Amino acid sequence: MSNRRPYVRSMDGWWKRDAYFVSYMAREVTSVFVAAYAVVLLFGLVRLGQGEAAFNGWLQYLKTPWMLVFHVIVLAVFCYHTWSWFKIMPKTMPIMFVGGKRVQPGTITGTGLAAAVVACLALLFIVGGVS
Amino acid sequence: MEVYKADVAIVGAGGAGLRAAIAVAESDPKLKIALISKVYPMRSHTVAAEGGAAAVTRPDDSLDHHFNDTVGGGDWLCEQDVVEYFVAHAHEEMVQMEHWGCPWSRKEDGHANVRPFGGMKIERTWFAADKTGFHMLHTLFQTSIKYPSIKRFDEHFCVDLVVEDGRVQGVVAIEIATGEFRLIQAKAVIVATGGAGRVFRENTNGGIVTGDGMALAYRHGVPLRDMEFMQYHPTCMPRTGLLFTEACRGEGGFLLNKDGYRYLQDYGLGPPEDKPRNKFMELGPRDRLSQAFWHEQQKGRTIEGPFGSVVNLDLRHLGEAYLRERLPQIYELAEEFMGVDPAHTPIPVVPGVHYTMGGILADGKTASGLPGLYSVGECSSVGIHGANRLGSNSLTELIVFGKVAGDEAAKFAKATSISNPGAIEKQADAIQARALGIVNKADGTERIAVLRTEMAKSMESGCGIYRLGTTMQETCNKIDELKQRYKKLKVDDKSKVYNTDWLLAIELGYLLDVAQVIVYSAFNRKESRGSHQRLDGYEQRDDVNYLKHTLAYYNGDGAPRIEYGDVKITKSKPGTRAYGAAGVKADEERKKQGAANG
Amino acid sequence: MADTEKIIEIEVLRYRPEQDKEPVWQSYKVPFTDDMSVLQGVQYIKDYLDETVSFRWSCRMAICGSCGMMIDDKPKLSCKTFLRDYYPGKLRVEALKHLPIERDLIVDATDFITKLESIKPYIIPKEERTLAQGEYLQTPEQRDMYEQFSSCINCMLCYAACPQYGLNPKFTGPGILALMHRYNADSRDGGQAERNELGYADEGYWGCTAVGYCSEVCPKGVDPANAINQNKMNSAINYFTRFVTPGGADK
Ligand SMILES: Cc1cc2nc3c(=O)[nH]c(=O)nc-3n(C[C@H](O)[C@H](O)[C@H](O)COP(=O)(O)OP(=O)(O)OC[C@H]3O[C@@H](n4cnc5c(N)ncnc54)[C@H](O)[C@@H]3O)c2cc1C
Ligand code: SF4
Ligand code: FES
Numbered sequence: 001m002s003n004r005r006p007y008v009r010s011m012d013g014w015w016k017r018d019a020y021f022v023s024y025m026a027r028e029v030t031s032v033f034v035a036a037y038a039v040v041l042l043f044g045l046v047r048l049g050q051g052e053a054a055f056n057g058w059l060q061y062l063k064t065p066w067m068l069v070f071h072v073i074v075l076a077v078f079c080y081h082t083w084s085w086f087k088i089m090p091k092t093m094p095i096m097f098v099g100g101k102r103v104q105p106g107t108i109t110g111t112g113l114a115a116a117v118v119a120c121l122a123l124l125f126i127v128g129g130v131s
Numbered sequence: 001m002e003v004y005k006a007d008v009a010i011v012g013a014g015g016a017g018l019r020a021a022i023a024v025a026e027s028d029p030k031l032k033i034a035l036i037s038k039v040y041p042m043r044s045h046t047v048a049a050e051g052g053a054a055a056v057t058r059p060d061d062s063l064d065h066h067f068n069d070t071v072g073g074g075d076w077l078c079e080q081d082v083v084e085y086f087v088a089h090a091h092e093e094m095v096q097m098e099h100w101g102c103p104w105s106r107k108e109d110g111h112a113n114v115r116p117f118g119g120m121k122i123e124r125t126w127f128a129a130d131k132t133g134f135h136m137l138h139t140l141f142q143t144s145i146k147y148p149s150i151k152r153f154d155e156h157f158c159v160d161l162v163v164e165d166g167r168v169q170g171v172v173a174i175e176i177a178t179g180e181f182r183l184i185q186a187k188a189v190i191v192a193t194g195g196a197g198r199v200f201r202e203n204t205n206g207g208i209v210t211g212d213g214m215a216l217a218y219r220h221g222v223p224l225r226d227m228e229f230m231q232y233h234p235t236c237m238p239r240t241g242l243l244f245t246e247a248c249r250g251e252g253g254f255l256l257n258k259d260g261y262r263y264l265q266d267y268g269l270g271p272p273e274d275k276p277r278n279k280f281m282e283l284g285p286r287d288r289l290s291q292a293f294w295h296e297q298q299k300g301r302t303i304e305g306p307f308g309s310v311v312n313l314d315l316r317h318l319g320e321a322y323l324r325e326r327l328p329q330i331y332e333l334a335e336e337f338m339g340v341d342p343a344h345t346p347i348p349v350v351p352g353v354h355y356t357m358g359g360i361l362a363d364g365k366t367a368s369g370l371p372g373l374y375s376v377g378e379c380s381s382v383g384i385h386g387a388n389r390l391g392s393n394s395l396t397e398l399i400v401f402g403k404v405a406g407d408e409a410a411k412f413a414k415a416t417s418i419s420n421p422g423a424i425e426k427q428a429d430a431i432q433a434r435a436l437g438i439v440n441k442a443d444g445t446e447r448i449a450v451l452r453t454e455m456a457k458s459m460e461s462g463c464g465i466y467r468l469g470t471t472m473q474e475t476c477n478k479i480d481e482l483k484q485r486y487k488k489l490k491v492d493d494k495s496k497v498y499n500t501d502w503l504l505a506i507e508l509g510y511l512l513d514v515a516q517v518i519v520y521s522a523f524n525r526k527e528s529r530g531s532h533q534r535l536d537g538y539e540q541r542d543d544v545n546y547l548k549h550t551l552a553y554y555n556g557d558g559a560p561r562i563e564y565g566d567v568k569i570t571k572s573k574p575g576t577r578a579y580g581a582a583g584v585k586a587d588e589e590r591k592k593q594g595a596a597n598g
Numbered sequence: 001m002a003d004t005e006k007i008i009e010i011e012v013l014r015y016r017p018e019q020d021k022e023p024v025w026q027s028y029k030v031p032f033t034d035d036m037s038v039l040q041g042v043q044y045i046k047d048y049l050d051e052t053v054s055f056r057w058s059c060r061m062a063i064c065g066s067c068g069m070m071i072d073d074k075p076k077l078s079c080k081t082f083l084r085d086y087y088p089g090k091l092r093v094e095a096l097k098h099l100p101i102e103r104d105l106i107v108d109a110t111d112f113i114t115k116l117e118s119i120k121p122y123i124i125p126k127e128e129r130t131l132a133q134g135e136y137l138q139t140p141e142q143r144d145m146y147e148q149f150s151s152c153i154n155c156m157l158c159y160a161a162c163p164q165y166g167l168n169p170k171f172t173g174p175g176i177l178a179l180m181h182r183y184n185a186d187s188r189d190g191g192q193a194e195r196n197e198l199g200y201a202d203e204g205y206w207g208c209t210a211v212g213y214c215s216e217v218c219p220k221g222v223d224p225a226n227a228i229n230q231n232k233m234n235s236a237i238n239y240f241t242r243f244v245t246p247g248g249a250d251k
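In structure tokens:
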């Protein structure tokens with residue numbers, strides 16, 4: 001008869017065990033905010049469909065202090081989400097060579113972030129130009 | 001006891017054991033193979049080999065060159081017919097490894113690349129960055145999974161061979177996870193358990209390299225051949241003994257003494273040049289380089305510091321980018337273990353025990369005198385290394401002779417059957433009782449670690465780079481004493497599951513037997529040859545009396561019985577072993593003589 | 001060496017299945033010098049303080065993959081982690097997380113080995129070649145496509161770092177998926193379709209939620225997270241094309 005008795009440790013509270021897990025969970029939680037904000041925008045779209053008055057009402061609502069606070073939070077959360085997403089991005093790409101040299105993960109993350117910033121600025125510029 | 005019936009049992013799943021297992025499986029898929037290893041195969045010490053594996057590859061190279069380098073490098077103590085077979089089959093085995101997926105480093109045209117190595121006249125060392133052994137081992141292990149006839153017994157510790165009716169008919173092993181014994185019946189047994197470097201203190205070997213198979217075969221009357229020849233590697237990390245591969249010098253590294261002087265030029269290896277040149281300076285053979293270190297130390301020209309007496313391995317001129325590409329693991333070792341950045345600071349190094357040239361006596365087909373028993377790899381002495389192994393010949397040996405061992409054992413197994421299963425099982429029970437006796441002893445007093453340390457220290461003083469009759473005698477006495485004290489060993493751990501304490505105790509028994517053979521063989525060889533160098537009136541090679549193999553036979557409790565055997569010489573008469581400019585001259589003279597003799 | 005001997009406290013999570021109901025911490029005081037690894041500290045315990053402490057080790061040079069442990073809760077190779085970095089505090093060593101403890105610092109590796117054996121970790125040649133034909137040609141660039149993934153020493157640190165594996169041991173896990181990618185990415189190999197069946201299954205690439213800690217702790221720069229996640233795209237394409245092409249994409 002075997003004397004083996006392998007002991008399995010519990011996974012309870014695993015995500016608190018390591019700072020790395022905490023930041024991973026934070027990334028996962030930020031996706032909830034992304035989804036939540038999508039709902040807010042969707043709501044705006046619905047209102048637009050209901051006519052100009054409804055849409056203006058929705059816009060007014062966005063300007064209430066609570067919604068402003070909400071936006072500040074969402075902005076911060078989005079920044080974190082974007083950063084953490086581009087940080088993981090090199091992991092999703094096959095090994096690439098440019099001019100015989102291996103493209104470094106930092107380059108991919110940097111390029112991604114830069115592209116995101118440029119896109120945001122461009123959007124702001126366009127929106128600013130229209131209104 | 002649980003019994004497993006195999007046709008061929010292989011003890012050891014390093015490069016040699018795995019290659020042999022695949023050879024058996026390919027020679028006949030119906031043969032049942034038991035592959036036994038005390039660690040998971042990929043932990044075997046082949047994993048640590050860095051530099052590469054030799055095989056004649058370039059058009060300007062030839063089998064004769066490889067033969068001459070090997071035989072001359074071995075100070076003419078090689079079996080020349082076996083070396084001929086070896087050099088002739090090296091290349092096809094490299095290609096076989098390539099087909100199995102080994103990530104050999106490549107040239108731009110897609111062919112495998114070769115690098116220079118110490119004592120080799122022409123570049124012929126195949127390499128996979130500086131992780132050659134790692135890649136070869138993993139490739140062999142993963143390839144072995146393809147063959148359903150290979151049944152692995154991972155983490156099974158072999159405690160004895162079963163010899164019945166005058167031939168080997170199985171092995172007994174402990175399943176480490178449970179402490180239970182297992183009899184593995186087999187018609188042929190291949191021992192591939194690796195070297196015995198752990199007999200010494202500062203060495204490049206892993207903790208598992210304890211000479212188990214050598215001791216087992218020896219206890220059953222098979223002689224150990226040429227065990228006095230232990231190779232010191234000239235460039236090891238001080239204190240831990242970890243290796244900085246010879247490839248560091250192959251890539252162009254310099255060895256400097258405390259004056260920043262390339263001292264090897266003072267020892268017949270010059271003249272120095274900026275670029276590495278085969279068989280010159282830093283690319284001289286290992287024994288010569290280690291001996292030069294010793295002389296520098298005597299002259300007070302080594303660097304004294306926190307690491308003891310060291311010399312510097314200087315790689316700075318190669319530049320960081322090149323070092324990271326060609327020697328990534330070396331870079332990492334130096335940075336992490338020593339806090340040295342080799343691109344900016346020379347690495348302090350010392351010689352350390354590295355390789356066991358001798359081993360279980362085997363013929364050119366790996367068979368021992370005991371029917372059914374084969375041996376291959378570092379534990380074996382098929383006769384290609386002589387008195388000094390050339391770097392990168394041993395990885396090649398694993399695969400060239402691993403295949404031979406597999407083929408031969410398969411042939412033998414097919415022609416025989418198990419003779420007396422009842423008697424075999426009875427023997428297995430007796431083996432079990434003996435092994436349990438070690439752990440169950442009630443009145444032990446001696447500590448494992450204490451005996452092991454005393455052994456290693458004594459071996460270092462008696463069987464170092466240079467040897468003296470008096471100190472060797474002291475070491476003989478010391479090992480005899482330790483063998484007596486071993487009988488009173490105390491094992492604290494009485495449990496069964498992963499009782500590593502017990503295994504260490506059994507290993508210590510193996511180590512002591514092998515240590516005894518090494519020092520008695522050394523004491524009796526009254527000459528200097530290859531890695532065996534004496535300073536007490538026997539400074540020269542003595543071909544009249546000692547162009548002979550040492551054969552050490554087990555003699556119960558007493559000292560081993562030392563006999564001598566002939567050396568097979570086919571085409572290379574013993575000459576002067578010379579390197580550097582002197583070597584070029586000697587080569588020319590030999591050629592002239594050869595022409596004059598027809 | 002002249003440096004004066006310092007003493008460090010090492011706490012070991014002990015578990016002896018024949019006597020302990022569950023693991024317990026035991027503390028030892030170990031004299032050390034600055035070049036001593038955590039492995040050497042544990043060896044000192046076994047040699048001089050307590051012979052019954054069990055652990056695996058061999059090469060001492062970070063290549064055999066035996067000596068992985070949780071060191072202050074991080075998965076590390078104990079032979080290349082140094083006591084000096086924890087002094088003057090104490091340090092805690094524990095068997096690798098997420099794997100069953102067999103005894104003391106030794107984990108059960110059978111799951112890892114069984115998975116390794118299941119993924120056909122050998123070349124399934126794209127085209128057969130005899131020895132006489134010589135080696136397959138492979139340029140350094142082609143070699144670079146898989147070299148990193150072939151550097152895995154099977155130390156299982158990434159398994160101790162992967163919460164998905166801890167939560168669901170059926171997940172093939174980082175190291176083995178990296179090995180699968182190693183063969184798939186080899187220019188000599190033609191076995192992708194066979195291996196993808198495992199890779200594209202639920203327990204394959206999709207068991208990964210891109211935590212990324214595996215790549216962080218890997219001592220050999222294998223980057224298993226990359227091996228896994230670069231395959232998700234292929235897997236997704238395969239999944240959708242299966243609806244479009246009758247009979248599935250891979251078959
Ligand atoms: C640091 C280092 C670098 C090296 N570099 C090179 C190089 O560049 N080129 C070169 O040609 N050579 C090199 N060598 C030498 C070469 O690597 C070895 O000689 C060779 O790998 C030995 O292989 P092996 O298969 O005989 O034994 P190993 O790989 O040591 O395998 C031994 C096997 O036996 C098993 N075993 C042992 N005892 C028992 C037991 N009692 N029960 C069950 N199983 C047991 C072990 O588990 C293991 O599986 C190097 C050696 C070292 C140490
Ligand atoms: S991928 Fe890295 S961490 Fe995982 S087993 Fe391999 S070497 Fe270890
Ligand atoms: S002892 Fe081999 S990896 Fe640490």
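Residue numbers (my numbering), protein chains in the order written: chain A, 1 to 131; chain B, 1 to 598; chain C, 1 to 251.
We put the CB at the ideal spot given by N, CA and C, even for glycine.
The structure displayed is predicted, hence computed values, not measured ones.
- When the beta-carbon positions are compared, I122 of chain B and C248 of chain B stay at least 8 Å from each other.
- Within chain B, no residue has its CB atom less than 9 Å from the CB of S215 of chain C, the nearest being about 17 Å off.
- Within the same chain, and ignoring the five residues on either side of H98 of chain C in sequence, the residues whose Cβ sits closer than 6 Å to its Cβ are Y159, A160, Y165 and G166.
- When the alpha-carbon of V87 of chain B is set against those of B:G270, B:T396, B:V11 and B:P371, the nearest one is in B:T396.
- Judged by DSSP secondary structure, R316 of chain B falls outside any alpha helix (DSSP H); it is assigned neither H nor E.
- Among the residues of the stretch 128-145 of chain B, those with a Cβ less than 9 Å away from any Cβ of chain C are A128, A129, K131, G133, F134, H135, H138, T139, F141, Q142, T143, S144 and I145, in the order of the chain.
- Counting only Cβ-Cβ distances below 9 Å, V127 of chain A has no contacts in chain C at all, with the closest Cβ about 32 Å away.
- For E378 of chain B, the Cβ falls inside the 7 Å cut-off from some heavy atom of ligand 1.
- G253 of chain B and I63 of chain C have their C-alpha atoms roughly 23 Å apart.
- With fewer than 16 other Cβ atoms inside 10 Å of its own Cβ, K170 of chain C counts as exposed.
- Every beta strand (DSSP E) stretch that sits fully inside the stretch 210-290 of chain B and reaches 3 residues is listed by chain position as 230-236 and 254-256.
- Cβ-Cβ distances below 8 Å link A578 of chain B to G268, K585 and A586 in the same chain, with the five nearest sequence neighbours on each side left out; the list follows chain order.
- Annotation: Q533 of chain B to G469 of chain B spans about 11 Å, alpha carbon to alpha carbon.
- Annotation for P121 of chain C: L179 and Y183 place their beta carbon closer than 7 Å to its own, counting only its chain and skipping 5 residues before and after.
- At least one beta carbon of chain A lies nearer than 8 Å to the beta carbon of D108 of chain C.
- Boundaries for E102 of chain C: no alpha helix (DSSP H) harbours it, while the beta strand (DSSP E) harbouring it runs I101 to R103, taken from the DSSP string.
- Here M69 of chain C is bridged, per DSSP, to C:K76.
- Between the C-alpha atoms of I303 of chain B and E474 of chain B there is a straight-line separation of about 30 Å.
- In terms of Cβ geometry, G364 of chain B and V382 of chain B form a close pair [threshold 8 Å].
- Within the stretch 122-146 of chain C, those residues whose Cβ lies closer than 7 Å to any Cβ of chain B are, in chain order, Y122, I123, R129, L131, G134, E135, Y136, L137, Q138, T139, P140 and R143.
- By the Cβ neighbour-count rule, A55 of chain B is buried, with 16 or more other Cβ atoms within 10 Å of its own.
- Take the alpha-carbon of E28 of chain A and the one of S235 of chain C: they are about 22 Å apart.
- Taking K38 of chain B as the centre and dropping the five residues before and after it, the same chain places the C-beta of F157 closer than 6 Å to its C-beta, in chain order.
- At least one heavy atom of ligand 1 falls within 7 Å of the beta-carbon of V11 of chain B.
- A112 of chain B has its CB no nearer than 7 Å to any heavy atom of ligand 1.
- For S2 of chain A, the residues of chain B that pass the 7 Å Cβ criterion are T178, in the order they occur in the chain.
- Looking from the CA of F200 of chain B, the closest CA among B:P223, B:V71 and B:Q231 belongs to B:Q231.
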